[in-house]
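Asker: Once you've had a glance at the structure underneath, I'll fire off some questions.
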Amino acid sequence: MEVESRPVNESLQEIDDESWIIGDRIIISRRYSPTSDFTWSDGRGSYYTVSDAPDPLPPSRTLPSASPIEKVYDAGGVSAVWRIGGAFCKVKILDPDATREHVTLAYMNSKRPLSFTTPDVLYHAEYDGRYYIILSGLTGQNLTTAWPDMDEAMKQYYVSRIANICQELTKWEANSISGVDGRHLSELYLTRLGLPKDCSPRNLLNNCKDLGMDCSIFLFYHCDLGPGNIIVNPADRSLGIIDWETAGFVPREWIRTNFCVSSGMDLPGDDQDTRVDWRRRVLRQLGQDGFTENADQWMTWWRNKD
78 MEVESRPVNE SLQEIDDESW IIGDRIIISR RYSPTSDFTW SDGRGSYYTV
128 SDAPDPLPPS RTLPSASPIE KVYDAGGVSA VWRIGGAFCK VKILDPDATR
178 EHVTLAYMNS KRPLSFTTPD VLYHAEYDGR YYIILSGLTG QNLTTAWPDM
228 DEAMKQYYVS RIANICQELT KWEANSISGV DGRHLSELYL TRLGLPKDCS
278 PRNLLNNCKD LGMDCSIFLF YHCDLGPGNI IVNPADRSLG IIDWETAGFV
328 PREWIRTNFC VSSGMDLPGD DQDTRVDWRR RVLRQLGQDG FTENADQWMT
378 WWRNKD
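Following this line, the structure appears as structure tokens:
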């Protein structure tokens, strides 16, 4: 089956027990001793290489349930993520105007040392209207998993850390609402419900002006600091942040407003109070740190009710 007709969430296929093909373009091979061209190791004796797929393509099949590769995220025809030997392969429909995640991570890398860790880019490519990126894993577990077992002091520690990181990122400024390279920032919460999803710097600027935000300067921010994108290790209190595809420069007021309105930052669960616990705490801490919000005005604007 050609990649054009295969859903994004079926992009990764098995060739045999030691090799896989992604998007009919990229070969991942596993070896049990290091070679000069290996791209990453899982730290347990397996080494992985990335190469171009041959022509003709080798036969391939759907990943079996016993595969060492695990699909960890599935948005159907939009994006999917697989864990491969401690690294993560993300495949998504390409937005040709948006800042690429590897570009943002290169920008972050240039700012190190930081108070938190970020993934290393192991590979990236664009083929057939899709974006492929392989990233190193971070040590720890995501906050979604860790949160229920944390005591109150540890929960507040990580709330304060994220608020401090929001402040840390504001050291980097720009004069447009955009990604780090001036291209589109895919922050859909800054576009109105039911209207075309135009994330161009000009349109986002007009929208933020409509919301009455201060648009004299724009500050760097990760627009999806939900618990699934925060990697923690309570034993040593370390913290890492993943999923930098929606990060860029925004009005300062948007940082706290984002925590008010983004249900994507919720914890799982049936109880509303439990679901919003994380972002409500961060929202409160950001307020104590001097960040403002205009969530009520945003809600009216977003719903096209004004």
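Sequence positions in the sequence shown follow the working numbering and run 78 to 383.
The C-beta atom is built at its ideal place from N, Cα and C for all residues, glycine as well.
Between residue 80 and the rest of its own chain, which residues show a CB-CB distance below 6 Å, the 5 nearest in sequence each way excluded?
Answerer: In this predicted model, residue 80 has a pLDDT of only 46, less than 50, meaning its place in the structure is not dependable enough to derive any value.
Asker: In its own chain, which residues sit with a C-beta less than 8 Å from the C-beta of residue 132, not counting the 5 before and 5 after it?
Answerer: Excluding residues within five positions, none has a Cβ falling inside 8 Å.
Asker: Please report how far the alpha carbon of residue 367 lies from the alpha carbon of residue 289, in whole angstroms.
Answerer: Going from the Cα of residue 367 to the Cα of residue 289 covers about 18 Å.
Asker: Check whether the stretch 307-324 touches the stretch 219-229, counting contact only when three or more Cβ pairs, one atom from each stretch, lie closer than 8 Å.
Answerer: These segments touch.
Asker: Using a Cβ-Cβ cutoff of less than 7 Å, which residues in the same chain neighbour residue 353 once the five nearest sequence positions on both sides are dropped?
Answerer: 343, listed in sequence order.
Asker: Let me know the secondary structure DSSP gives residue 276 once reduced to three states.
Answerer: It is coil, neither helix nor strand.
Asker: Residue range of the alpha helix (DSSP H) that residue 332 falls in?
Answerer: Start and end: 329-338.
Asker: Please classify residue 37: is it buried, with 16 or more other beta-carbons within 10 angstroms of its beta-carbon, or exposed?
Answerer: As displayed, the chain neither begins before 78 nor continues past 383, which places residue 37 out of reach and without an answer.
Asker: So, at 8 Å on beta carbons, what are the nonlocal neighbours of residue 250 in its own chain, with the 5 sequence-adjacent residues on each side left out?
Answerer: Here the set comprises 294, 295, 296, 297 and 326.
Asker: Of all the alpha helix (DSSP H) runs that stay within the bounds of the stretch 233-288, which reach a length of 4 or more residues?
Answerer: Fully enclosed alpha helix (DSSP H) runs of 4 or longer: 278-287.
Asker: Curious, which full-length alpha helix (DSSP H) runs of at least 4 residues does the stretch 164-210 contain?
Answerer: You should have 178-187.
Asker: Quick one: give me the first and last residue of the beta strand (DSSP E) that residue 159 is part of.
Answerer: Element bounds for residue 159: 156-161.
Asker: Just to confirm before moving on: does the CB-CB distance between residue 377 and residue 330 stay below 8 Å?
Answerer: Not in contact: residue 377 and residue 330 (Cβ atoms no closer than 8 Å).
Asker: Quick test of your reading: residue 282 and residue 254, contact by CB under 8 Å. State the CB separation rounded to the nearest angstrom.
Answerer: The pair is a contact, with the Cβ atoms about 5 Å apart (cut-off 8 Å).
Asker: Could you check if residue 284 is buried or exposed, using at least 16 other CB atoms within 10 Å of its CB as the buried criterion?
Answerer: With 16 or more Cβ atoms within 10 Å of its Cβ, residue 284 is classed as buried.
Asker: Starting from the Cα of residue 120, find the closest Cα among 187, 111 and 127 and give me that residue.
Answerer: Answer by Cα proximity: 111.
Asker: Residues in its own chain within less than 7 Å of residue 78 by CB, not counting five upstream and five downstream?
Answerer: Note that residue 78 scores 44 on pLDDT, short of 50, meaning its location in the model is unreliable; the coordinates nonetheless yield the value given after this. Closer than 7 Å at Cβ, skipping near neighbours: no residue.
Asker: Rounded to a whole number of angstroms, what is the C-alpha to C-alpha distance between residue 256 and residue 173?
Answerer: Cα-Cα distance, rounded: 13 Å.
Asker: Using a Cβ-Cβ cut-off of 8 Å (strictly less than) and excluding sequence neighbours within five positions of residue 246, which residues of its own chain qualify?
Answerer: The residues are 296, 297, 298 and 299.
Asker: Among 263, 262, 270 and 192, which residue has its Cα nearest to the Cα of residue 238?
Answerer: Of the listed residues, the one whose Cα sits closest to residue 238 is 192.
Asker: How should residue 69 be labelled, buried or exposed, when 16 other C-beta atoms within 10 angstroms of its C-beta is the threshold for buried?
Answerer: Only positions 78 to 383 of the chain appear in the structure, and residue 69 is not among them; the question remains open.
Asker: Counting C-beta neighbours from all protein chains within 10 Å, is the total for residue 95 16 or more, i.e. buried, or is it exposed?
Answerer: It counts as exposed.
Asker: Put residue 313 into one of helix, strand or coil per three-state DSSP.
Answerer: It is coil, neither helix nor strand.
Asker: Going by DSSP in three states, residue 324 sits in which element: helix, strand or coil?
Answerer: If DSSP states are grouped into helix, strand and coil, residue 324 belongs with the strands.
Asker: Provide the residue span of the beta strand (DSSP E) that contains residue 366, from first to last.
Answerer: Neither: residue 366 is in no beta strand (DSSP E) and is coded neither H nor E.
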